Structures are given as C-alpha cells and as structure tokens.
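Here is the structure we will look at.
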Amino acid sequence: MTDEQALNKQAPQAEIHSRRGFSIVWVVPLVALLIAGWLGYKAWSEQGPTITISFASGEGLQKDKTKVKYKEVDIGKVVDIKLSDDLSRVLVTVEMDQTAEFYLTEDTLFWVVSAQISAGKVSGLGTLFTGVYIGMEPGRSGTSRTEFTALEITPVLTKDLPGRHFTLRAEDLGSIDVGYPVYYRKIEVGQVVSYELDPVSDRLNIQIFVKAPFHEKVRKGTRFYNVSGIDFGIDASGLKISAESLVSILLGGIAFETPANIHSNEQIAENASFELYQNRESISQHDYNIKEYYLLYFKDSVRGLSVGAPVEFNGIKVGQVLDVTLTFDWAAMDMIIPVLIELEPERIVEVNTTRAEDVSLIDYFVERGLRAQLKSANLLTGQLFVDFKVFPDAPSGKVVRNGSYPVVPTMPMPLEELLASVDRILAKFEKLPVEEIGGDLKRLLTTMEENLQQTEVLFGSINQNVLPGIVQTMQQFQTSISTLEKSYRADSSVGLKMHKALDELGKAARSIRVLSEYLQRHPEALLRGKDNRE
Amino acid sequence: MPHIACHQCDLVHHIPPLPERATVRCIRCGAVLLRTKPNSIDRTLALLLAGLILFSVACSFPFLGLRSGAAMQETALVSGVQTLYNQGMTGLSMLVLMTCILIPLAQMLGLFYVLAPLKFNRTAPFAGRVFRWYRSLQPWGMMEVFMLAILIALVKLGEMATIIPGIALIAFSLLIFVLAAMLSVLEPHQVWEKLGGNHE
C-alpha cells in the first residue's frame, strides 16, 4: 500500500459538498404525471356506453376497425363480434362516444353501409376502400337502450330534411323500390322511403318523401302515378312516346301532378294517403280507383234495373249496379233480390275533415235515415236506378257488415207506393152502394111521376075555373104591356141592355158546347187540365 | 481514494475529491476520464420517472392516424408491431418490438432498480450486474431511429394522406428528449462509486 500512501501525499484532499433536499428536476416527472393523469382521466370520462347490435350477417364487419357513423362522423367503434347462442344472429359490441349516449333510444336505427348501386345512384363508394361501416340514425324519443337490432336494408333518411311524407296505396309495387325518385314536372323532388303490405286491404302502402318546398305542390287533388319505363301510345295523331327521365326509363319512379278541379288546391297534411296510378294515362281516364261494395236487398220487382245502372245521391252519380240476382231465402220463405253495387268514395269530396277516421260516411248517413231506393229513371223505358236518399222519418238504420258485403237498408220504390194508393182508392169506390143509389133513384122517379099526374089534375081544374079570370087579367095585362112596350123600345136603354145580356148568354152557351165536345174527346182533362199542345 | 485507469492509454490516475462541475482528463493522452455532475442520481431518477410515465402514455394512446379519402387507419405503438407481424414481416416486427418497446422499458426499469435504492443510500441485490446490463443494452435502444423513420414517413405520406398525430406520438417524442436528458445527467462513475463493491 505504499503506492497509495505516496499518491495520498502528492494530492491533497478536496472539499466534498453533498447537497440534499428538493431538486428542481423533480418538476419534470411531476408535470409528466399530471399530463398523463389528465389524459387518462379524459379518456376515461369520454368513454361512452357500450351497446350490442344484432345483425343478420357479419359481412364486412371487423373488430376494432369498423366504425359507427352518423352523418359520416365517427361516433363509435366495433370492439367485439360474436355469434348469438343459437347461432342465428351476429352480436356486435360497439363502444360509442359519450356524445352519442343521449341518442341511443328505442327508435335508434343501425344498419350496415356498403357500396350500393341503386335508384340510379352510387352510394357508399368510400366503403370499398375503408370497408363497411355501421350507419346510425339517432333516436328522438323513447327510453334509452343498449341492445339494438340492425336493419336489413339501408333506410332512406328523411327525418331531418324539410318536407313531407305521404303514403301511396298501390295494387303492386311495379318496378319501384326504396330510394327511387319522385318527380314533379320532371324535377326530382323526393324519393321512396319504404313500402309495406297492408294486411287488411292486401294492398301496398308506399311511403314517399317530398322535400321542401315541393311538398307544397302536393294538394288534395294531386294524382301520383308510376313513371317506370317509356309510355308508348298510338292514336290518330301518330305515335306517342313519353318518359320522365333517363333514370326513370332505366329504373322507374313516381311522378305527381295536380289536375284542376274544385277542391284540388287544398293543402294536405303529413302522411296523407294517395292512390298510386299505373301510368299517367290512367289518372285522366279512370278518376275513381277506390271502390266500395255494398249489397241492397229489394223485395219488389226490379224490372228495369240493369247492370251498370247508376247509383245516385241527390242526383249525382256515386256508383253503379254490378249484379242483380234472384234469391230464395229459405229461412224467411221469401224471394229477395240482392243487388250488388259499387260506390266510388272518391266522387265525394270531403271538406273540413275533423271526424274520426274510422267512421265511414255511409254508416253516418244510414244512421240518419239513408235508404237505397229504386227509382224510375225513365217512365217510357222503365229503366230503374238506385237512389240514395235520406228519409228523416225513417228509423235509424245500420250498415250490416257480417256477410261478404256490407248491407245497406232499402226502401220500397215510390211508384209502387203510388200504385198502392190508387188501389186503395179503387177499393173505396168498389165499396160505394151503387145499387142502393139506383133503387133510391127509381123511387124518386115514381114519386115524381105521381106528382106530375096530380099536377095534371090540378091544371084541368085550373083550366075550367081559373082561366076566364085569367083571360080578363091578360087583357088588362096586354094593355099594361103595350104601355110598357112604349117605354121599352129597342132603341131605349133598357132594350139595349137586354140585347147585350142575350148575346152574352149565347156566347156562354157556345163555350159550354165546345167544352162538352172537348171533354167528350179528352175526358182525362178533368184530372189533368187542358193539354196546351193541341 | 479512487483510482481510474485511462480507457485509451491505461495510465492509472488517482482522483482527488472533485468540485461539483469538473472534467477529469488523462494526464498522458488527454482523454476525458469522467465528469462530475451535480445531483446526478437525483436528476437521473426524476427524469427516469418522467420517462416511465411518458412511456406508458405512448403505449396506451393512439399513435398515428392516416386518412386518405374516406379510408382511415389508426395505429398505436403495440398494434403497429402487431400489424407488421400479421403482414408476415416477423423479423422486422420483432426488431421494432425489441428496440422500441422492450429494451427501452427494460433499461428504464433496470436503471430505476439500481438508482432508487441508491437515492436512499442503499444497494439493491445484483445492482452492479443490473447496471452493467443497462449499460450494455444502451446501443439496442433505438427509439430515436424509430422516431426518425416515423418523421420520414410523415413527410413522404403527407402528400398522399392526411396525418393525424396521436397523443402517443407527442409522448414518444417527449420521451426521447427526456431520455436524452437523463443520459446526459447520469454519471456512471458516480453510480459505480456509490455502489461501492471495490471496497468489499
């Protein structure tokens, strides 16, 4: 150790400071800790709810990659994909953003967005590069939920857009599909939102959306029609080809227009129903596509009631007769004649509609005394028509709806009533005691004869006893007459008046003769009056 | 009193007690034998803790987002390695995993294992070996290289895609600076001296 000692001697020992206490450098980890803590807290607090969406297929969905988007903004991420216990569904667990929590309610919609070519539009092209994503339509109401079932098809989102939804009723879908355009004057103004089969009427309800401001063009009298493809028509003026647009030629669509009539300009509310016509021609050709069928039971003769005869209400045609058959009712042991009619409710324009939807017009009117009645349309040909008339005195009736067709109560036809009353009058006539009257007359005549004989006797005695006195009186009378004659000459005023009066009497006698001759020829004039045509 | 042999010319020097900021050079060849740094262990430990926190942030948050059109790709440090592995680049993925994640982590933990007890004038078992391993692992920690690669990618891809830097990227760059600072305050000689050993 001599070396060490030697070294120690050579070098003096330095002073050594050892500093203890807080060093400024500890601020660095402290700051790092604060930042990390804040980041961690932020991440934790921003964590949204975890929800489960059930899909029919997991096609294109990827764990940790597939996003949930609303308006193309990420609001969630798929964190797990697994099959349901019965292997029927794909259960996708999604971590949503905190902001989305409020919108996860009963009517929140989810669906898979992938590249699509439909309705003339290519959509979701981005998903070709990024893979599919899950679209979301936030719920607006209802209780919040964490389990959802995804839609099979991409819905057409119209909730937020200004405009209106309408329902079109159609016999078949034609070539229409969800997302297909709606045209007004060949401008695209909306699209088909959805369609469903109405189980009650067995017809299709097609939901469409017309965006603002075009929704105001849909009025009460608006007619919607299918514009799929090209319309060919040959008429006297030549070949007619019409088409809505290139897209509609290839795919199809719906167009609407409002023909002018009294009520066509009234505004219409959200979700109003319209008929979807097959093509543009059919709007003008067949105005009334909705038919309601009713049965009428008549007991009296329907002679003159033919198929196609009109059904009128207050003189306006509301339908027509479809079928007339003779039926024997074994229960009532009576012949009845059921008449099938169709009513076209579209012919009746309803205004100020505040009534409940389920009360039909016919129910209301039958209750107030509406009856179907056969009426003579033409007395010469005897054609009949069905008249709907309200009889205020009639007992409140009801439309019976237990058979295949609802039954509207009827009333006997008015001509029959007339005939019935004539019969009654005749019967009264028959009851008159004509023979008695004859006997009375005979007795009267014999009495008169007796009286005359007595008068003759009386006159004989008068001849013998009274005449000489009379002759004397007559002579005196003649004298008086001559005196009178002087004063009553033809040119005197009394004579003139007499002459006039006699003339009048002559005229009266003539007209009585004319009348009697006329009556001889036209005895019915006594009842009906003089026919002016003669 | 400690003695130091020069790395270059093997001349043994006797080192006297040194002032707080001093550079000790070989009297024969002029090579730097050691530098004294004030509060070396304290500072190293502080920066080391900051580094560990930043490292955990870098590992748990998204690193980088790339958006090109509708396509969006987000990656984290660990998932990046996983992606490389899934794409068949096993070797490269292992290399990245080792040089950027495992080795820096091992280094930091090892250093912490050695320094934390020293702060309280104690010595952890096998602290000397751990410190030697730490020293020998030094060349394998290549976070700077990784960072450089990312920067190059950013510049090259910037034209094709929108790049969204994640929180982890910021943490990672800070980590590099913190680790660099730590290395500069760490004085191995002082650690060795504190560990004693040669007096046992």
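One line per chain: the protein sequences are A and B, in this order. Positions in the first sequence are counted from 1; adding 15 to them yields the numbering used here. Positions in the second sequence are counted from 1; adding 74 to them yields the numbering used here. C-beta: ideal position from N, C-alpha, C; glycine also. Just so you know, these numbers come straight off a predicted model, no measurement behind them.
Does the CB of Thr76(A) have a neighbour CB from chain B at under 8 Å? Just to set this straight, residue 76(A) is Leu in the shown sequence, not Thr. By this cut-off, Leu76(A) is not an interface position.
Would you report the Cα separation of Glu532(A) and Val437(A), rounded to the nearest angstrom? It is roughly 28 Å from the alpha-carbon of Glu532(A) to the alpha-carbon of Val437(A).
What is the rounded straight-line gap between the Cα of Trp41(A) and the Cα of Ala120(B)? Rounded to whole angstroms, the separation of the alpha carbons of Ala120(B) and Trp41(A) is 5 Å.
Between Lys235(A) and Glu281(A), is the Cβ-Cβ spacing less than 8 Å? Yes; because the gap between Cβ atoms is below 8 Å, this pair is in contact.
Just verifying my parser: in three-state terms, what is the DSSP assignment at Arg416(A)? Arg416(A) falls in the coil class under three-state DSSP.
Hey, how far is the Cα of Ile237(B) from the Cα of Gly154(B)? Their backbone Cα atoms lie some 15 Å apart in a straight line.
Below 7 Å on C-beta distance, what does Trp41(A) contact in chain B? Within 7 Å Cβ-Cβ: Ala120.
Starting from the C-beta of His263(B), find all residues in its chain whose C-beta is less than 7 Å away, skip the five residues before and the five after it, and write them out in chain order. Closer than 7 Å at the Cβ level, and outside the excluded window around His263(B), lie Leu108.
Just checking my contact of Lys92(A) with Asp79(A) at CB under 8 Å: how many whole Å lie between their CB atoms? Confirmed, about 7 Å.
Please confirm whether Ala29(A) has its beta-carbon closer than 8 Å to some beta-carbon of chain B. Cβ-Cβ to chain B under 8 Å: yes for Ala29(A).
Please go through the same chain and pick out, in chain order, the residues whose beta-carbon is closer than 6 Å to the beta-carbon of Pro76(B), but skip the five residues on each side of it. Only residues of its own chain outside the window of five on either side were considered, and among them Ile89 have a CB closer than 6 Å to the CB of Pro76(B), listed in chain order.
Chain B partners of Leu54(A), CB-CB under 8 Å? Ordered by position in chain B, the residues that pass the 8 Å Cβ test against Leu54(A) are Val131, Phe135, Ile241.
I want to verify the contact list: residues of chain A whose CB lies under 8 Å from the CB of Val155(B), in sequence order. The premise fails here: Val155(B) is roughly 15 Å from chain A at the closest Cβ pair, so nothing lies under 8 Å.
Grab me the residues of Leu123(B)'s own chain with a C-beta within less than 6 Å of its C-beta, minus the 5 sequence neighbours each way, in chain order. Nothing meets the Cβ criterion.
Can you give me the C-alpha to C-alpha distance between Glu327(A) and Val423(A), rounded to a whole angstrom? Approximately 14 Å between the Cα atoms of the pair.
Are the beta-carbon atoms of Ala245(B) and Val131(B) separated by less than 8 Å? Against a cut-off of 8 Å, the Cβ pair of Val131(B) and Ala245(B) comes out as a contact.
Residue environment, Pro178(B), which counts as buried when at least 16 other CB atoms sit within 10 Å: By the Cβ-count criterion, Pro178(B) is buried, with 16 or more other Cβ atoms from all chains shown falling within 10 Å of its own Cβ.
Excluding sequence positions up to five away, which residues of its chain have a Cβ less than 8 Å from the Cβ of Lys501(A)? Within the same chain, no Cβ atom closer than 8 Å to the Cβ of Lys501(A) is found once the five residues on either side in sequence are excluded.
How many angstroms separate the CA atom of Glu272(A) from the CA atom of Asp213(A)? Distance from the CA of Glu272(A) to the CA of Asp213(A), rounded to the nearest whole angstrom, comes to 25 Å.
Would you check if the region 374-388 of chain A and the region 398-405 of chain A touch, i.e. whether three or more CB-CB distances between them fall below 8 Å? Flag = yes, the region 398-405 of chain A and the region 374-388 of chain A touch.
Can you check the region 491-545 of chain A for any alpha helix (DSSP H) of at least 4 residues that lies completely inside it and give the ranges in chain order? DSSP runs (the alpha helix (DSSP H)) wholly in the region 491-545 of chain A: 508-536, 540-543.
Give me the Cα-Cα distance between Ala540(A) and Ala524(A), rounded to the nearest whole angstrom. Cα-Cα distance, rounded: 20 Å.
Should Gln113(A) be labelled buried (16 or more other beta-carbon atoms within 10 Å of its own) or exposed? Residue burial is scored here from C-beta neighbours: Gln113(A) has fewer than 16 other C-beta atoms within 10 angstroms and is therefore classed as exposed.
Mind checking if Arg117(B) is an interface residue toward chain A, Cβ cutoff 8 Å exclusive? So yes, Arg117(B) belongs to the interface.
DSSP state of Ile221(A) mapped onto helix, strand, coil: Ile221(A) falls in the strand class under three-state DSSP.
Considering Asn241(A), what are the terminal residues of the beta strand (DSSP E) in which it resides? 238-241 is the span of the beta strand (DSSP E), which, as asked, contains Asn241(A).
Check the Cβ of Ala47(A) against every Cβ in chain B and list those closer than 7 Å, keeping chain order. Within 7 Å Cβ-Cβ: Ala124, Ile127, Leu128.
Quick one: is Tyr85(A) buried, meaning 16 or more other Cβ sit within 10 Å of its Cβ, or exposed? By the neighbour-count rule (16 or more Cβ atoms within 10 Å), Tyr85(A) is buried.
Does the beta carbon of Pro191(B) come closer than 8 Å to any beta carbon on chain A? The beta-carbon of Pro191(B) is placed no less than 8 Å from the nearest beta-carbon of chain A.
In three-state terms, what does DSSP make of Ile89(B)? Ile89(B) falls in the coil class under three-state DSSP.
Mind pulling the alpha helix (DSSP H) runs of 4 or more residues that sit fully within the region 82-158 of chain B? Taken in chain order, the whole alpha helix (DSSP H) runs of length 4 or more contained in the region 82-158 of chain B are 114-134.
Please tell me whether Val152(B) has its Cβ less than 8 Å away from any Cβ of chain A. By this cut-off, Val152(B) is not an interface position.
Ala284(A): contacting residues in chain B (beta-carbon distance under 9 Å): Chain B residues near Ala284(A): none, gap ~39 Å exceeds 9 Å.
Three-way DSSP call (helix, strand, coil) for Tyr195(A) in this model: Tyr195(A) carries a coil assignment under DSSP once its states are collapsed to helix, strand and coil.
Can you pull out the residues from the region 173-184 of chain B whose beta carbon lies closer than 9 Å to at least one beta carbon of chain A? The region 173-184 of chain B vs chain A, Cβ under 9 Å: nothing.
Along the chain, where does the alpha helix (DSSP H) containing Glu450(A) start, and where does it finish? For Glu450(A), the enclosing alpha helix (DSSP H) begins and ends at 449-476.
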